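Have a look at the structure below, then the notes.
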Amino acid sequence: MLQPKKTKFRRAQKGRSKGVAQRGNQLAFGSFGIKTLETKWITGRQIEAARIAVTRYMQRQGQIWIRIFPDKPITKKPADVRMGKGKGNPEGFVAPVTPGRVIIEVEGVSYDIAKEALRLAAQKLPVVTKFIVRRDYDPTQNV
């Protein structure tokens, strides 16, 4: 499961996720990818589930890049605890994403395989996504 080896602070504030992605919003490595269309927190478990879905469908051919990393600690108070008495303990890590952020990129497989693999990955994620293709992608080129 993805999580940082070490963090500067154990707990983080919630913060606000407004607007669209200013960076990480275009394909940088692969020819195909999925881009988020809404703002959400994606957990390390969800990213891992999506990664496994892609690698299983592609049968370990081609390359995969995961463009997000869960580095924001999320806290939770135990059940049946009254209000107050400080912030809860860290439960896991999330990656905040905003619309336009590329989540996963794929290279080295055909258009059809990439589209289906990324569709299966998108089902594991809590956000609505869009399949994107590199602008200079040539479908006649044999992969």
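So the number in this note's numbering is just where the residue sits in the sequence shown, counting from 1, plus 2.
Idealized CB from N, CA, C, for every residue including glycine.
Fair warning: this is a prediction, and the values are worked out from it, not measured in the lab.
Which residues DSSP lists as bridging residue i, in chain order
i, result
"N27", "Bridge partners of N27: none, in fact."
"I36", "I106 and F133"
"P98", "W43"
"K74", "V96"
"Q65", "E109"
Exposure label - residue i; buried when at least 16 CB within 10 Å
i, result
"F1", "Summary: the structure shown does not reach residue 1, with the chain confined to residues 3 through 145, and so no result is reported for it."
"G90", "exposed"
"E40", "exposed"
"V56", "buried"
"F34", "buried"
"G64", "buried"
Contacting residues, own chain, Cβ-Cβ under 7 Å from residue i (five flanking each side not counted)
i, result
"M3", "G46, R47 and E50"
"I68", "I49, R53 and I106"
"T100", "S19, G21, V22, A23 and T41"
"E118", "Y59"
Inter-residue Cα distance where the pair is residue i and residue j
i, j, result
"A14", "P98", "13 Å"
"P92", "I134", "35 Å"
"K8", "P72", "12 Å"
"Y139", "S19", "32 Å"
"L120", "Q143", "20 Å"
"K10", "A116", "38 Å"
"I44", "I76", "11 Å"
"A81", "K126", "27 Å"
"G17", "K74", "10 Å"
"K87", "Q5", "27 Å"
Sequence-distant residues of its chain with Cβ nearer than 6 Å to residue i (five each side left out)
i, result
"T131", "I36, T38 and A124"
"P128", "K42"
"L122", "A55 and Y59"
"G110", "G64 and Q65"
Other residues of its chain near residue i: CB distance less than 8 Å, five sequence neighbours each side excluded
i, result
"Q28", "V104"
Contact test: residue i Cβ vs the ligand FMN heavy atom, cutoff 6 Å
i, result
"N27", "The model depicted lacks the ligand FMN and carries no ligand whatsoever."
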